[in-house]
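Going left to right, the sequence shown walks through residues 32 to 114 as our numbering numbers them. Backbone N, C-alpha and C define an ideal beta-carbon position, used for all residues, glycine too. Keep in mind it's a predicted model, so treat the numbers as computed, not measured.
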Amino acid sequence: MAHTTIKVEGAVRDRLAALAAEKGMSIAQLVSDFAAHTPTESERAERTARTLAVLREMSGYTPDPEQDQAADAELARRLGDVA
């Protein structure tokens, strides 16, 4: 396996080290885990499209863009209330 060096500021390195230590892993393992489990924007869009297709198929739910925006705003508001 080829290795690559990533240059970050010392404070970022220290934070990565602390996060990795909490999980019992190295910084390299932490970064690999992040890359493997964090979807890209296109992957998230694909997942959203599949989810909406299942909702339509199972329940007939077909929100219009305005309903989508209202639901997103409500979710953000509720998440902000607990954050």
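> Terminal residues of the continuous alpha helix (DSSP H) containing K89?
Replying inline: As a position in the sequence shown, residue 89 is number 58, starting the count at 1. A small fix is needed here, since residue 89 is Met in this sequence, not Lys. Looking at the DSSP string, the run of the alpha helix (DSSP H) that includes M89 is 72-90.
>> Tell me the DSSP secondary structure of S63 in three-state form.
In response: For the purposes of this step, residue 63 is taken as residue 32 along the sequence shown, with counting starting at 1. Here S63 sits in helix by DSSP.
> Apart from the five residues on each side of it in sequence, which residues of its chain come closer than 6 Å, Cβ to Cβ, to T82?
Replying inline: In the sequence shown, counting from the first residue as 1, residue 82 sits at position 51. Answer for T82: no residue qualifies.
>> Comparing C-alpha positions only, which one of D45, D103, R75 sits nearest to L61?
In response: Position 30 of the sequence shown, counted from the start, is the residue given in the question as residue 61. Closest option to L61, Cα to Cα, is D45.
> Taking the C-alpha atoms as reference points, what is the distance between A76 and A49?
Replying inline: If you number the sequence shown from 1, residue 76 lands on position 45. If you number the sequence shown from 1, residue 49 lands on position 18. Rounded to whole angstroms, A76 to A49 spans 32 Å at the Cα level.
> From which residue to which residue does the alpha helix (DSSP H) around E53 run?
Replying inline: Along the sequence shown, one-based indexing puts residue 53 at 22. Residues 41-53.
> Does the distance from the CB of R87 to the CB of T93 come in under 7 Å?
Replying inline: Here residue 87 refers to the residue found at position 56 of the sequence shown. Here residue 93 refers to the residue found at position 62 of the sequence shown. Taking 7 Å as the Cβ cut-off, R87 and T93 qualify as a contacting pair.
>> For D95 and A101, I'd like the C-alpha separation in whole angstroms.
In response: Within the sequence shown, the letter at position 64 stands for residue 95. Within the sequence shown, the letter at position 70 stands for residue 101. Each residue's alpha carbon lies about 10 Å from the other.
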